[in-house]
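What follows is a set of notes on a single structure, which appears directly below.
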Amino acid sequence: MSVESPPFGPRSAPARRSPGRRLLDRALARPSLASLIATVAVSVFFAVQAPSLVSTEGLATVLDVGALLGIGGVAVAMLLIAGQIDLTVGVVGVGSSLVAALLVQAGWGLWPALAVSLLSALLVGLVNGVLVVSTGLPSFLVTLATFLVLQGTALAVTDAVAGRASVGGLSAAPDWASVKAVFGATLEVGDGVFRVSLLWWVGVTALASWVLWRTRFGSAVMGVGGAPRPARELGVPVTRTTVVLFLVTAAAGWLIGTLGLVRFSGVMVDPTLGNEIEFLVVAVIGGCLLSGGYGSAVGAALGALLYAVAREGIVLAGWDPRWFQAFLGVLLLLALLANGVVRRRLLAVPRS
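Here the sequence shown is numbered in the working numbering, starting from 2 and rising by one per residue.
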């Protein structure tokens, strides 16, 4: 008695993956893994070259640099995962803090002035988001145009109202003490001064990670960046998700500006494109794909820490500071090459 084969042929056993392929698949599931390895390696290297880097003073400086850069980098990473770019985070920080400083000089309380400055920052984010989704223009160009508008406006208004490129004297405001407790508190440990911006950085990173991996909005962000057309056909609110993400980067810019405003009891109006590029660089170093659909908030935070370790390590090691730009360029190039490999690997996986 013969046994007939199934109508569609014999059932084949699932293909076994090699150990190397399984390891690669696990690495791809963790976008922050490469930045973690790079951060540990660079930290060990500069700790040997400059032992003072691991002193309390050195650690405080590294974390201070990384905190401000990390807050913006995490927000930019979320937007980058959705396939968009925002070049206005830094100038929004300068502009919103300028609004707050001018209102305080006009007799406002500091808390109401900060609330109005937050609304002004969110307005910029709303304009950016609406322009991107309604015109279909590349977000890089839209936000570059917005950056130029805000840059010129900030410089012109400051010169016309204050007669100089800075506005100060905020410490005389009656509610200065409570505002400083939230945005300017410090803790001295040995020779190091640790600032509250570190806690804001950790909080922003934790919140962004939770949103990306544990909420429907996070799934929408991944879907919008990975496959926008299928996501729209499946009912994902692409327009709303994109606009909300631009509001998030604007809020991050406001927070960065407010932390600087309280630290220096004023604002120096010198908005340049450098900060925006740095936020983008740390997001890419942290594992975000420029094409969207892949990345993590933790990776961007580690990218900011890597940036800070390299910058401070080069200074403490006594190297020419210009080597930092070369070092940063090498890191970015390696990250782009690695991201290219990741993108090709992801494209090879069939999508349902």
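For every residue, glycine included, the Cβ atom is placed at its ideal position computed from N, Cα and C.
In the structure shown, what three-state DSSP assignment does residue i receive?
i: residue 168; result: strand
i: residue 190; result: strand
i: residue 341; result: helix
i: residue 268; result: strand
i: residue 196; result: strand
i: residue 320; result: coil
i: residue 308; result: helix
i: residue 239; result: helix
Roughly how many whole angstroms lie between the Cα atoms of residue i and residue j?
i: residue 339; j: residue 288; result: 8 angstroms
i: residue 169; j: residue 231; result: 51 angstroms
i: residue 301; j: residue 209; result: 11 angstroms
i: residue 270; j: residue 174; result: 20 angstroms
i: residue 184; j: residue 234; result: 43 angstroms
i: residue 195; j: residue 189; result: 6 angstroms
i: residue 309; j: residue 193; result: 16 angstroms
i: residue 212; j: residue 264; result: 29 angstroms
i: residue 107; j: residue 156; result: 19 angstroms
i: residue 305; j: residue 71; result: 5 angstroms
i: residue 54; j: residue 316; result: 10 angstroms
Is it right to say residue i is buried, meaning 16 or more other beta carbons lie within 10 angstroms of its own, or is it exposed?
i: residue 204; result: exposed
i: residue 279; result: buried
i: residue 324; result: exposed
i: residue 200; result: exposed
i: residue 243; result: buried
i: residue 152; result: buried
i: residue 259; result: buried
i: residue 237; result: buried
i: residue 33; result: buried
i: residue 38; result: exposed
i: residue 160; result: exposed
i: residue 65; result: buried
i: residue 219; result: buried
With a CB to CB cut of under 7 angstroms and the five nearest residues on each side skipped, what residues in its chain are close to residue i?
i: residue 144; result: 86, 87, 88, 89 and 129
Take residue i and list the residues in its own chain whose beta-carbon comes closer than 6 angstroms to its own, dropping the five residues that flank it on each side.
i: residue 191; result: 57
i: residue 93; result: 122, 125, 251 and 254
i: residue 176; result: 110, 111 and 112
State the start and end residues of the unbroken alpha helix (DSSP H) segment that holds residue i.
i: residue 152; result: 140-162
i: residue 226; result: 217-227
Give every residue of the same chain whose Cβ lies closer than 8 angstroms to the Cβ of residue i, excluding the five residues on either side of it in the sequence, and list them in chain order.
i: residue 115; result: 101, 180 and 259
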